[in-house]
Structures are given as structure tokens and as C-alpha cells.
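Enquirer: Mind looking over this structure? Questions follow.
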Amino acid sequence: MATTGLYSQHLHNKKVLYLRNTVIAIVLTILAAATLFPICYMILSAFGPNVSTAGNMRTILPSRFTLESFDAFFHFSDYSLRWILNSFVVAAGVVIGNVIFASMAGYAFAKIRFKGSTVLFGLILVAMMIPYQVTQVPLYILMVQKFSMTNTYAAMILPGLCTAYNIFLCKQFFSGLPTPLIESAKIEGCNQFQIFIKIILPLAKTVLAVMAINTFMSSWNDFFWPFLVTNDPSMYTIQVGLKQFKFANETLFAPMMAGATISALPMFIMFFALQKYFMEGVTIGAVKG
Amino acid sequence: MNSTKLKRQQVHHKLRFTNEDLWGYIFIAAAMIIFCVFTLYPVFSAIYTSFFNYKPFGSEFVGLQNYIDTLKYSKFNLFYKAALNTVIYTVVVVPLSLLLSFCIAVMILPFKKKTQSVFKAMYYLPGIASGVALSVVWLWLYDSSPDGIFNRLLGLFGIPAQNWLSSTKTSMLSLIIMALLSSHGVRIITYIAALLGIDNSYFEAAELDGATFFQKVRFIVWPLVKPTTLFLLVTGVIGSFQVFMNAYMMTGGGPDNSTTMIGLLIYNNAFVYGKYGLACAQAILLAIAIAIMSLFQFKLMGVDVEY
Amino acid sequence: MKKIIALLLTCVMVLGLLAGCGGGKTTTETKAAPAATTPAAGDVTEAPAEAAPDTIVIMAPPVTGNYLENLKTWAADFHELHPNLTVEIIETSWGDHNDKMSTMAQAGEAPDIAEISSNALGTYVEMGVAIDIAQYLDADRLADYDANALKYLSLEGTVYGLPLYLTIQSIGANKTMMQELGIDVAKIQKEGWTYEEFLDVIKTGTKDGCYGFVFANSGVTASDMLYMFGAGAGLSNTFTSDLKYTFTSENMLTLLSAVEEMTQSGYMPNYGVEAGQRMVMCQTGNAMIFGKAMPLFEANFKKNNAALAANDGTAVENSLPMDYAFLPVPTMLGCEESCYGTVDGLIAMRNKNTTDEHLKNVLLFMDYICSGERIAACMNELYLDPVCQTGRDALVLEEGRDADNLATAARCIAMVQAPPEGVTAEMTSTAKKLMDEQIVPKFQLLLAGETTAQEVYDHICEAAYAAFGEENCVSGKLG
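Chains as they are written, first to last, in the numbering used here: chain L, 7 to 295; chain U, 2 to 308; chain A, 18 to 496.
What follows is the structure, given as C-alpha cells:
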């Protein structure tokens, strides 16, 4: 049962209930429309004629609808489809790594009292505070010079395999779980690993789904790091590939938007695949009982 | 006598790893290895570099010179102006977008599952638009000519056309509006996850006590999602202090440096002027400022909320 | 169990330490490496390179639409000529080329050859990764390139790269409309014009819904306006031949006052205009003259005219058929006519496996793609003249180029004044920082009508005196 308990379910007047929901729906739709604007523009331009520059940007609807931009996108490079596949491999690797490692670390920081946990967690937070512009040079030296990983999936996946952001997210979520639940399992003779697998993970579906989808999205949208470590067009990710549509004096605008639209599709699918996990709230009571 | 014995015992206790300690280390081992190699090493390397006039073939040690150069006050030192801009931007954008995300997340809840998923998708979707599409659209919205979208909108209310990104009066405001109207998907989804984790029995009890909707939000929901709020606040402030992309794409600093951010300064020093050591020093100073801010937030919000 | 865990823990720590030590080692190693600007001169005479296989890495963005495709062909041709040499191409995207190049250079992993804009050269020279190419290239090959263009890629007399092209930045116009208004376009193209004449023309061109002049000046593009009109006000270069900073001269004040006058005249928009909008405004009849413009834009106008004629929906929306005229920059203060130019070229860069033998091979390939029919093919795409003799010899002009525009472009290129000799890398990077952080932001303020020319001028002088010292800045009128 989702947390609808926040809203009164016992309204006697059906009319009031409908009125309330309609008002909320209108407000939500208006707010959503404002943020949806760019993506609508992107999709509409993708279906427009294959013009080079943004042209006269004052109209939203393209002069006519056609699929030629998609055609141009797929014929722009031999690797157009490969780029999407690459992006998928990288994002999937990063998501799996984070779901496993960040959830374990997050749980440990939240619920296991071990020596040095505060210091180590502090360290993780502090590392997040250094802007990436200065850390990517040493990281580049590490991956390219020391590990010779140019043009590999490993080079693109490893640095993001377990991010400080996700450890922090998991820690915050797990710290909200009731400690007595864990204590009682311990008394029953479960070790921490069993507790994690049997009790914590089922409760963590929501946060893991959120983490997976957000991580997938940021990995999918990441441009600069894949751009740095790939020199071979067959290893580009879709974001790196999309940038190839920009030249000194002109941009292949519509094909670029077509590519962006295609590249958005997997994220959309990912969202719907995972959303049932954060539809259902986790009722701790049910587990406890 | 007794006290020394006790102390010795304590020391002994401190040195010995308990079962609990070991489990902790096992759980964090993989994460820490990845973290040390791919995050901590570059961070330490950046700290180390901040004491050098860095050159790929033959850096020279300059001690604190990079820090002195950054902090030395002069009319032409942009660091302070950029710091002020960054603080203004953060102070406005982070709390407002948190509040907005929280309200939207709460507002999505009363609907049936199908409607909920439609709204969630609507708010999540903008995040998948490519950065290029986003910047093109925003530049277009902020077109300063009388035919620009926002100018036409203002015209409906009889307000004269604005010179959005090209005027000191509106450039920072423009970036703030852009941040507030851009995607809140990640925050909203994180909040929804937290909201769904709240046990219904709390609301049932409150309902029996005759609590109003706003009382429930204030006294049950808000305290219980505090860890999430803290998380979003801390990461939001970190992100906002490091903000760089919007200033870089939209204004490049803007008239009279009115939208020059620290992130942009660091980027320019590292990639345009080739002063990597200086950029590292500025990044470290920025990190120290963020750390102090974060500590303050942890204190303010309480470290953990226990049931 | 505990032992295993302890072992695991030690592993973590050792790994952490290793990572830390690794970092330490890199920096000490790099310190030991010889400084970039002093390669051992004695080593140049060595065994012939023909036998030893070598790989040359080149990194370039799409300089022209077909550049990267062409580059692949040339690399294959080159490999046939020199079977022991293989070329590896790193393709970058236009907007992000410099970020990648800078990161790679700082990591000591720079490509052997990289595309660069002349105004970014100082950064890489200061970084110690740019290579003095003259000693690795035959003198007669170097002599093939125009001295003027080479000067852009030189600092303190050292040549760091070979030019791809010298591009000029000026203004362009709707020729059809100008002629309808009875303006003698051909005369302007042939003889140039003064700022007063220019003001008259844009006044004539300003009508309901149409500005006489539009300049893309929003954001960082504002500096283009400064450089472009600066050339007409005697400010062709940042430094004089006796190495004094020029932007503090009275010419600057004249230039700023002129810009102030233009912004407030109503003959040009008094708001920021995006780079993508300028040409569109001209093509849709919302502006008569626009900047910045290059000779290349003739191709855009022709393409649009063809699209309008074919009515296939690919033309710029609401655009009109019109001819394009490339115009020279108006002169101010009775200064000699001039034009602002920059050079894009290829530079050789130092990385971990740079040796003298390797550099000779690198230069062999660099020279190969910067000369002859290779460069001629690029220039045909860019509507520019090659800057080397072999390129000019190989150039076969495309059909249908507008003769007047061609002549004007040639005349403007001849007027471009290369930077003076003796400017140091430090001077150029100080000037660049001054420009980006102090001058452009204040200039944008002027464009927004929020300050006066005098205030901007005073600020520039104060900032320049602080950066270079007053004695190293020009006071009074230039020339």
C-alpha cells in the first residue's frame, strides 16, 4: 500500500475529493509543462527537415514533418548504432557496480558500528567536494598511462563504479530503517551478511531502483570522460558521437536532435522498467510482522 | 590506580577489532578500493599539484604561491567576485529547488497508481534531454529581441523587453530561473522513494488525533524525510558550488563578470590558460568552503534521524 | 575468518598506498625529463629513419566538413609513400577539441600533432609541450609557407607549427538590398570605407523591421566585435613592434566611443544577439549588414538561394533570395585600412615517447598535410587562399565564385598584420587573460548600455597597467 495515508481517505464528500485532486493535477501539469519544454523542442526538431543550422529559432513546429533527420543520423557514421550499444554497456556496468558496492557500503556506514566509520565516511564526502575539472588530469594519467586502458569499456566504467554520491544516498536511506529490526535478527543468530541479504535488500528495492535509474541517466548523459578516453570511433558512446555533428561554422542540427531523441529512448524504457519498484512503497510493518 | 587500569582496558579495547568492526570493513572493502584508486588518488594528486607551478615535463615547487595568488585581493582578482556570485546562486537555487521538489513529490501522492506514473514520467523526462538541446532552447527563450519568447511573455503584462543574458540586471536572474525551471526529476524521485517509505500507521494515528493535512506534513512527513532532505541539500550545495556548465554555455561570464562562477574560473585556469597548479589550488579552496558549509548543514539538520 | 579479513584489509591499504606512491613517482619522473624547449641539438644527425617503423598520432576537429574524411585518405597515401610510418587519427568534436588537447598535454600524453588556433599557442608554449619545429623540417620546405602566416605560430622567433589557413574576420552584407538602395557596393569592396561612411550606409539601411547592421555580440562573441573593428582603428595587434600593449592607446577610446555611438544609434539592435542569429537576420531581411562574417558565407547564401528556388523546405524560414557581399572593415581616425586575421595551424607536441627521430617523422607528415593539393582542397571548402606556395600552385578554384568577393578577400588577407616578433608566451597569456577577464566583460557592459566608453577605457588602462606596468603600455595615439 502506498503512502496515501498522508491524504485523508475519509473525505465524506466525493465532490471535495475530486475538486482537490483536479486542482493538484492542474498545478502539477503546469509545472511539468515548463520543464518539459526543452525535450518537446528536441523531439519536434528531430522530426523536422534536415536543416543545418538552428535557423530561425522562433517557431516551435518544424515547417514539415519528415524522418529524413533520423536517416541522416544513422548514415552519418558506420557506428551510429554501435554508439548506443556502447553507451548501454557502460551505463549498465556502472549501474550494476553501484547497486552492489554502494548499497553494501551505505549499509555499513548507516547500521554497522565499526571503528573509523565516521572518518572514512567524511573522507568520501570530502572527495566529492573537489571539482572534477582538476581530478580528471590525474585520473587520465592513471587510466591511460598506468593502466593503458584507452578505448576500453573498463576505462569508461571503472571510475564511476561506486560513486560517493550513491554511497551517501544509500547511507541516508538505510539510516532511516529501524535499528531494532536488525538487532532482533542478530539475536536470532543472523550474521551481518545474512541480515543484509534477507532483511535489508528487500526493504531497499525503492532506493536501489532510484539509484539505478539516476545512475543510469547520469552515466548515459556523461560526455567528457568517455570523450577523453576514447580515440576510436567504434568505441564512442552516443554522447561523444552526437558532438560530431557540430562543425566550425555549422551544426547538423536536426540529425543531432534526432540522435538525442534516439539516445533518450533507452532511458525512457529504463524508467518504465524500474518504476514499479518505486510505485510500491515498502511497508516495514509487513516485513516485521 | 583504578582509573589507569580502566584506561588501559579502554586502550586495549580500542586496538582490538570486534566482530562488528570486521563486518563493517568487509562491507566497505570493495567500495573503498574503488574509491581509493579512482577518487582519492586523483584528489590527493590534485592537492599535491596545488603546490606546484605544474608543467607536464618539469613542474616547479612554488609552495603556497598558488594559494596566495588566488586569495590576494586586487580589483582585478576575479576570485572574490566569482565566490560571491556562486554563493548568491547557491543560496537562491538550492533551497528553492528542494522545496519545489518536495512539494511536487507530495502532490503526486494522492493519485491512483496510473496517474502517479504519468506525473512521475513527466517530471523525470526533462532530465533525459541532451545538454545541447537544453542550451539551444534556453538561449532561444532568453532571446533579447522583442520577439524573444520571454520578452513576448512579459509584453503580455505590459513589461518592457529585457536584455536577459546581456545585462547585469538580469543575467544572474536568468541563470537562476533556468535552474529552477530545469529538471527536478532526480530530486522528486528521491523524495518519492523516501515518502513511500513512511509507515502508514503514523498517518492513521494522526488522523485519529484529528490532524490536518498541513500538520501531518509538518510533524510527520518533514521530520521523517530529513535524511533525504539532508542528502539532497548537501549534494545540492556541492553541485551548486561547482556549477560551471550553465555559465559556460549561456554567458561565458557575462557583462561585468556578473555570472562568473568559481567553477568557470577553475575550468578556465585548467583548460584555457594552462595554469593547472593554480586551478588545483582554487579547487582545494572551494572544497574547503564546501566542507565547512556541509558541516554546518549536518549540524543544522541533525546527523541521523532514528526511529 | 578474522585472519582472512585482516588480510583483505591490508590489501586495501597496500592498494591505496600504491596508488599514492604511483602519483608521487609520476611527478618525480616528469621532473627528470628534459625541458621541452631544449632538445639535444647534437642528436639530430643520426642513422636514416627509413627503416625504423614509427606511429604518428594526429588529433584534429572537423576543420572543414570533409576534413576528417580527407585526413584518412591522406594518412593512407602517406603510408604508401613511407611504408614504415603509420598515422593514427584522433577525431575530436569542434567545441571540445581544446579541452581534450589540454588534458592530454597536461597528462604528458599529448598527440604528436594537434590542431590549434594561433591565440592559444602561448598556453602550450608556457606549458612546455610545444616543439620548435624548424630543426626537424628542411629549410626549403619551411620556406614554402608564407612568413606572415608562420609569424602567428611563432613566439620569440621560434616556430612551433605550420599554418593550415589564415582566416579573416570582417562584415558581410545583403548585396541585393544595398544595390537597391543605391549604395556602391563594388566601390566599398575595392577601396574600403571610413567609419563615417559606414554609419551613413547603415542609417540608409535601417527601416521598419530591418536594422542597418547587426553584430553577434552576446556572450563571449563580444570580443569578435572588439577585434574586428579594432583592426580598422589601428589596433590590429595586441602589441606594437617595440612590444608595448596597444589596447591602452587613444585608438581604443575612439573604438569604444564608436561602438557606444552605434549601440545607441538605433541602426543596430541595442540588445544581445546570438551567434546563430546574425546570418539568419540578414537572410530574412531583418538586417542589411552583419558581422562577424567570413568569405565562406557566400556558400551559405548560394545554398539558401538554391533551396528557395527548389522550394524543398530546407531553406532558412522566411528567408529571401539575395546575393552576398563580403565587405572590408571601415576605418576610424584616418587609420590605414586593415583587417583582423587569425591563423589555425598544426603544432608538434611533446609526449612521453618523443625523440628527435620521431619528431622528424612527425614533421614529415605535418608538412605533407599542410601543403600541396591537400591544403588546396581544404581552402576550396573554406573559400580562403592557401598560405603556402605549393598550395597556391595546386589550387583549382571551384566554379561560380563571386569575383568581387574573391578580390575583396584577397585584398583583406594582404592587409592582415601578423603579430610582431619578440612577443613572449607569458605576454600573450597575460594579454589573453586580461582580454577575457577584464576587457570583454566591461565591453559587454558597454554594449548593454550600462556604462560609457570613457569608463570602459579607464578600466582597461588601469587593468593593463597593473598587468604589464604603465611603461609597457602605449599612451596617446598609435602609429
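Note that the Cβ used here is the ideal one computed from N, Cα and C, for glycine as well.
1) List, in order along the chain, the chain U residues whose C-beta lies closer than 7 Å to that of L:V216?
2) Strictly under 7 Å for the Cβ-Cβ distance: is L:V150 near chain A by that measure?
3) Spell out whether any CB of chain A is found under 7 Å from the CB atom of U:N270.
4) Beta-carbon of L:Y113 versus every beta-carbon of chain A: anything under 7 Å?
5) Alpha carbon to alpha carbon, how far is A:R158 from U:P256? Give it in angstroms, no decimals.
6) Relative to chain L, which residues along the stretch 106-128 of chain U have a C-beta separation below 9 Å, given in chain order?
7) Between which two residues does the beta strand (DSSP E) carrying A:M76 extend?
8) Anything in chain U within Cβ reach of L:A98, meaning under 8 Å, just list it in chain order.
9) Residue ranges of each beta strand (DSSP E) run of no fewer than 3 residues wholly in the stretch 176-202 of chain L, ordered along the chain?
10) If you measure beta-carbon to beta-carbon, which residues of the stretch 132-166 of chain L are closer than 8 Å to chain A?
11) What three-state label does DSSP hand A:Y288 in the structure shown?
12) Measuring only between beta-carbons, confirm whether U:P43 sits less than 7 Å from chain L.
13) Please state if the CB of U:P127 and the CB of L:I45 are separated by a distance shorter than 7 Å.
14) Our contact map puts L:L12 next to U:V222 with C-beta atoms below 8 Å; I'd like the distance itself, whole angstroms only.
15) So the beta strand (DSSP E) L:P55 belongs to, where does it begin and stop?
16) Helix, strand or coil, according to DSSP, for U:V273 in the structure here?
17) Could you check whether the stretch 105-116 of chain U touches the stretch 198-208 of chain U, counting it as contact only if at least three pairs of C-beta atoms, one from each stretch, sit closer than 8 Å?
18) Tell me, which residues are paired with A:Q186 by DSSP?
19) Quick check on DSSP: helix, strand or coil for A:G293?
20) Residues of chain A with CB closer than 9 Å to the CB of U:G277, please, in chain order.
21) Can you give the Cα-Cα distance for L:D238 and L:G265, rounded to whole angstroms?
22) Three or more C-beta pairs under 8 Å: does that hold for the stretch 467-483 of chain A against the stretch 266-279 of chain A?
23) Going along the chain, which unbroken runs of the alpha helix (DSSP H) with 4 or more residues stay wholly within the stretch 89-176 of chain U?
24) Should A:D60 be labelled buried (16 or more other beta-carbon atoms within 10 Å of its own) or exposed?
25) Kindly indicate if chain A contains any beta-carbon less than 7 Å away from that of L:L234.
26) Since U:Y68 meets chain A, which of its residues come closer than 9 Å, beta carbon to beta carbon?
27) Shorter than 7 Å from the beta carbon of U:A212 to some beta carbon of chain L?
28) At 8 Å on the CB atoms, spell out the chain A contacts of U:S98, in chain order.
29) Could you please tell me which residues of the stretch 68-94 of chain U, in chain order, have their CB closer than 9 Å to any CB of chain A?
30) For U:M246, tell me which candidate among U:Y274, U:V218, U:M179 has the shortest Cα-Cα distance.
31) Taking C-beta pairs closer than 8 Å, name the residues in chain U that A:P79 reaches, listed in chain order.
32) Quick one: Cα of U:I27 to Cα of L:A116, how far?
33) Can you pull the chain U neighbours of L:F82, defined as C-beta to C-beta under 9 Å?
34) What does DSSP give as the partner residue(s) for L:C168 in the beta ladder?
35) Can you pull the chain U neighbours of A:G247, defined as C-beta to C-beta under 8 Å?
36) From the DSSP output, which residues share a beta bridge with U:N54?
Expert: Quick answer:
1) I190, T191, A194
2) yes
3) no
4) no
5) 46 Å
6) V107, M108, I109, L110, P111, F112, K114, T116, Q117, S118, F120, K121, A122, M123, Y124, Y125, L126, P127, G128
7) 71-77
8) Those do not exist, as L:A98 stays about 16 Å from chain U at its closest Cβ, beyond 8 Å.
9) none
10) Q142, V143, P144, Y146, I147, L148, V150, Q151, K152
11) coil
12) yes
13) yes
14) 6 Å
15) From DSSP, L:P55 is part of no beta strand (DSSP E); its letter is neither H nor E.
16) helix
17) no
18) A:Y357
19) coil
20) The displayed chain sequence assigns Tyr, not Gly, to residue 277 of chain U. The contacting residues are S119, Q123, M144.
21) 19 Å
22) yes
23) 114-125, 132-142, 150-157
24) Because A:D60 carries a pLDDT of 39, less than 50, the predicted location of this residue cannot be relied on, and no value is offered for it.
25) yes
26) The premise fails here: U:Y68 is roughly 18 Å from chain A at the closest Cβ pair, so nothing lies under 9 Å.
27) no
28) The contacting residues do not exist; U:S98 stays about 25 Å from chain A at best.
29) S75, K76, F77, L79
30) U:M179
31) The premise fails here: A:P79 is roughly 16 Å from chain U at the closest Cβ pair, so nothing lies under 8 Å.
32) 14 Å
33) Simply none; closest approach about 15 Å.
34) In DSSP, L:C168 forms no bridge with anything.
35) Here the premise fails: no neighbours, minimum Cβ distance about 19 Å.
36) U:E61
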